[in-house]
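A.B. asks:
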Amino acid sequence: MKYDEISFRVRYGETDQMGVVYHGNYAQYLEMGRVEWLRKIGVSYKKMEANGVMLPVVSLNINFKKSALYDDLITVVTILKKTPMVKIEFDYKIYNQDKELLIEANTVLAFIDMKANKPMRCPDYILEKLKP
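Quick note: to get the working numbering, add 510 to the position in the sequence shown (first position is 1).
1. Spatial neighbours of valine 530 within its chain, please: C-beta separation below 7 Å, excluding the five flanking residues on both sides.
2. Taking a contact to mean a Cβ-Cβ separation below 8 Å, would you say isoleucine 622 touches proline 633 in this structure?
3. Between the beta-carbon of arginine 519 and the beta-carbon of leucine 583, is there less than 8 Å?
4. Measuring alpha carbon to alpha carbon, tell me which of Lys639, Leu640, Asn573, Lys592 ends up nearest glutamate 614.
5. Assuming threonine 617 and glutamate 515 are in contact, meaning their beta carbons sit under 8 Å apart, how far apart are those beta carbons, in whole angstroms?
6. Can you check whether the CB of lysine 639 is closer than 8 Å to the CB of valine 553?
7. Comparing alpha-carbon positions, which option in Trp547, Tyr539, Val567, Val563 lies nearest asparagine 627?
8. Measuring straight from C-alpha to C-alpha, what distance separates phenylalanine 600 and tyrosine 555?
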């Protein structure tokens, strides 16, 4: 469906003594891809939360293929898997500058009404932005 990609360099503080990216940092990379994906379709995470909607991660799966290294230029590819309902699901691939696949990942997030603290349907303004 909807596809986006962002690129950035691995920072020194994201790596261990051997210059390899610590595995926990990949969740942040996926979040960066997801937030930019939303921004590019015209949805601000900040405004969504100000309007009483939050999107916590309910599932995260990462398959590691190859390590990212300090100063690598990595690209996070974010793909909306299907039209969101109460949940929104993304697939990801992260590549290095040599186009080598580093990880494949998937996240599922739930739309939560912050006042009621209960799941809710995807807001209509997001669904409108996903129409062709």
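We treat Cβ as the ideally placed atom computed from N, Cα and C, and that holds for glycine.
C.D. replies: On the basis of the data shown:
1. Stepping through the sequence shown from its first residue, residue 530 is reached at position 20. Around valine 530, the same chain offers Ser577, Leu579 as residues with beta carbons nearer than 7 Å, after the five sequence neighbours per side are excluded.
2. As a working mapping, residue 622 is identified with position 112 in the sequence shown. As a working mapping, residue 633 is identified with position 123 in the sequence shown. The answer is no: Cβ separation not under 8 Å.
3. As a working mapping, residue 519 is identified with position 9 in the sequence shown. As a working mapping, residue 583 is identified with position 73 in the sequence shown. Yes.
4. Within the sequence shown, numbered from 1, the residue matching residue 614 stands at position 104. Residue Asn573 is the option with its Cα nearest to glutamate 614.
5. The residue given as residue 617 occupies position 107 in the sequence shown. The residue given as residue 515 occupies position 5 in the sequence shown. About 16 Å; that fails the 8 Å criterion.
6. Here residue 553 refers to the residue found at position 43 of the sequence shown. Here residue 639 refers to the residue found at position 129 of the sequence shown. Yes.
7. Translated into positions along the sequence shown, residue 627 becomes position 117. If we check each option's Cα against that of asparagine 627, Val563 comes out closest.
8. Residue mapping note: residue 600 aligns to position 90 of the sequence shown, counting from 1. Residue mapping note: residue 555 aligns to position 45 of the sequence shown, counting from 1. For phenylalanine 600 and tyrosine 555, the distance between alpha carbons rounds to 16 Å.
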